[in-house]
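K.L.:
Here you go, one structure.
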Amino acid sequence: DSPQDMPYLLSHAISLSTQSDAGNGIGYTGIRIRGIDPSHIQINLNGIPFNDAESALSFFVDIPDIASSTEDIAISRGYVASRAGAGNFGSSIDINMNKLRTKKHLLAKSNIGSYKLFKSSLLYNSGQLGQNYFLEGRVSLIRSNGYIERSNSNLKSLFLSATKLMGHSSYKVNILHGVETTGQAWNGVPEAYNYIDSLRRFNFAGSEKTVPFYNDIDHYRQSHIQFFFQTKIAKKVHFNNTINYTFGKGFYENYKSNENLSYYNISHPSESHADLIRQKWLQNNFLFTNNFIDIDLSKNLSGIVGISASYYQGHHFGKVKEVYLKDITKANTYYNNTGKKSELGAYFKLNYLLNRKLSLGFDIQNRYVQHFINGTHDVYDNLLVSHSNLLWNPKFYGNYKISPNWHLNLGLAYYEREPYRDDLLRNPNVTKEKLFSFDIGSKYINNKVNCLLNLYNMTYRDQLVLDGQINEVGEATRINVKKSFRKGIETSINYAPLKKLSLNANATLSLNKIINFIESVSVFDTDFNVIEIEKNKYSKTTIASSPSAICYVMVIYNIVNSKEFNWSISSNYKYVSLQY
């Protein structure tokens, strides 16, 4: 029932760290698993990729309160079963909203909190209508001023679902729609400001306007239409078809002071510079389909054969909303470009139960990805980029039951991942990333305790990381580093010593290093012009935003726990070590 974004609802999970632009988990948030950045974590909604096809990032703010319609969530680390779409590179989060609810209900929920937080949602489920139909719906509203100054959020969402059962087949349609308006806070806060009470909530966005500062905003609306069809072809053969269409449109708005008017295709009889408000727009369309056949080949052997395809088109353009001058002439847009990305993939999975104790699995996926970018850009001027990749992802896993309660598991996975829009624009020589992941673990479960111990080693080739350089337009650049790795130990325990008392705890200790890294540091003069680039060599250096220790502890005491009423008290603590 929390109004916070999905990353914060999952913050108790193993090896997971979070980030919030507004500071209170409402609005723009980020998630990392084992230090892996958000663009490398694939998010799936009912098996459909949610990551943006151009940036590989997932913006949960675009579909607020998705948790209220979610039945279960699965987080994968290291070994991730093959799936279509952007972002999968050693970690994934699968969100399932398709569980059929057979009981009729109507539920209203509200939350209030600090910084004028308010959330309200209404959920309805029809139960079974006649013999074949089920309907479900939800509307939600979330508002917050945010902890950081001018990081306010106004979020609205709608979810509708209809299901039809017919013999050995089922049809389902989901509609998700979200509208978000948030105050920009993604510039961050300097570390020194944390120790000054009057500055720890300071927001640089909009500060180019004299007091009162301007409220720079981000506004975006996104709609998803999902269709699912399942049918039984034969006694042991099932066919599954998924089709998705996503449409998004919006902008972010900035106040800019003393800007060169010619840069924005604006002319004036006597002035060359002025204050103005600009908007950077994105309008995109995403089509996706996934089709697979699930076959039980024998009592102990099963397989899946599938093919998927997607097409993305993103239209990027800039407008000047207002100029603080009279007698101006301005163009409709000052840059205009289109990015297209198409993908075709095929995968094959085989699961074999060798005996009652040992099961094995093999998984291979092939993807062909093509980018095309054309038009004008506000930073890179004229664009004409064409780039393609052929990618292979073979994987293997094993599971051994020492006893009914004690399991051992092994996972081996090799990944190849394409570069994305910003990488292609900034570096024409960028190459695909490669990862070999090895996991071995043990899990023990009984009626009072659930504990896990896991060791992992993730070895990268050509991983894309920040190199410390600033290009000619002042942007940080990423490069492929030849060798890097993540290795660590993960452990968790869920223990219920008493009927009303439970303890949940987990910890991750890791090393996350780049081997033989050359750091480039810009040296500025008093006018902030780059006068030289210093080179620093490191035999091993820590990968950015990859903490070496993450620990979480939660104690829950259930005062009352019944079907009609639940009342509990909980206390939790989380520690995330130094991040560079």
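Taking our numbering, the leading residue of the sequence shown gets 1, the next gets one more, and so forth.
The beta-carbon is built from N, C-alpha and C at its ideal position, and this holds for glycine as well.
Can you list, in chain order, the residues of its chain with a C-beta nearer than 7 Å to that of K326? Leave out the 5 residues immediately preceding and following it.
P.N.:
none
K.L.:
Identify which residue in D275, E418, Y380 and K164 has its Cα closest to the Cα of K209.
P.N.:
Here the closest residue by C-alpha is D275.
K.L.:
In terms of DSSP beta bridges, what is Q19 paired with?
P.N.:
Q19 is bridged to G30.
K.L.:
Does the beta-carbon of I533 have 16 or more other beta-carbons within 10 angstroms, so that it is buried, or is it exposed?
P.N.:
exposed
K.L.:
Report back the beta-carbon spacing between Y552 and L501 to the nearest angstrom; my notes put them in contact at under 8 Å.
P.N.:
Actually they do not touch by this definition, with Cβ atoms about 18 Å apart.
K.L.:
Just mark G339 as buried or exposed, buried being the case when its beta carbon has 16 or more other beta carbons within 10 Å.
P.N.:
buried
K.L.:
By the DSSP assignment, the beta strand (DSSP E) with L390 in it spans what residues?
P.N.:
D381 to S403
K.L.:
When DSSP builds the beta bridges, which residues end up paired with P49?
P.N.:
N44
K.L.:
For R421, report the span of its alpha helix (DSSP H) as first-last.
P.N.:
R421 to R426
K.L.:
Quick one: what's got a C-beta closer than 8 Å to S539's C-beta in the same chain, skipping five residues either side?
P.N.:
I515 and N516
K.L.:
Rounded to whole angstroms, what's the CA-CA distance from I307 to F227? Just pull it up for me.
P.N.:
If I take the Cα positions, the gap works out to 16 Å.
K.L.:
Three or more C-beta pairs under 8 Å: does that hold for the segment 524-532 against the segment 486-498?
P.N.:
no
K.L.:
Measuring CB to CB, does L424 end up less than 8 Å from H371?
P.N.:
Yes, Cβ-Cβ distance for L424 and H371 is below 8 Å.
K.L.:
Relative to the C-alpha of I266, which residue among N254, A309, N244 and T329 is closest?
P.N.:
T329
K.L.:
Taking the alpha helix (DSSP H) that M6 falls in, what are its first and last residues?
P.N.:
M6 to L9
K.L.:
What residues match up with G146 in a beta bridge as DSSP calls it?
P.N.:
Per DSSP, none; premise fails for G146.
K.L.:
Assess, as a yes-or-no matter, whether the segment 157-167 is touched by the segment 186-196 under the definition of 3 or more beta carbon pairs within less than 8 Å.
P.N.:
no
K.L.:
For N512 and D439, I'd like the C-alpha separation in whole angstroms.
P.N.:
Their Cα atoms are separated by approximately 16 Å.
K.L.:
Buried or exposed for Y28, going by 16 or more other Cβ atoms inside 10 Å?
P.N.:
buried
K.L.:
Name the DSSP beta bridge partners of I569, please?
P.N.:
Y557
K.L.:
To the nearest angstrom, report how far apart F485 and V430 are at their CA atoms.
P.N.:
19 Å
K.L.:
In angstroms, rounded to a whole number, what distance separates the CA positions of G130 and L122?
P.N.:
24 Å
K.L.:
According to DSSP, simplified to helix, strand and coil, what is V61?
P.N.:
helix
K.L.:
Going by DSSP, what residues sit across from V173 in a beta bridge?
P.N.:
A162 and F227
K.L.:
Which word fits G90, buried or exposed, when buried means at least 16 other C-beta atoms lie within 10 angstroms of its C-beta?
P.N.:
buried
K.L.:
Grab me the residues of F239's own chain with a C-beta within less than 6 Å of its C-beta, minus the 5 sequence neighbours each way, in chain order.
P.N.:
T231, I233 and I293
K.L.:
Please report how far the alpha carbon of G474 lies from the alpha carbon of R34, in whole angstroms.
P.N.:
Any reading at G474 must be qualified, since the residue scores a pLDDT of 48, below 50, and its modelled position is unreliable; the value itself is stated next. If I take the Cα positions, the gap works out to 30 Å.
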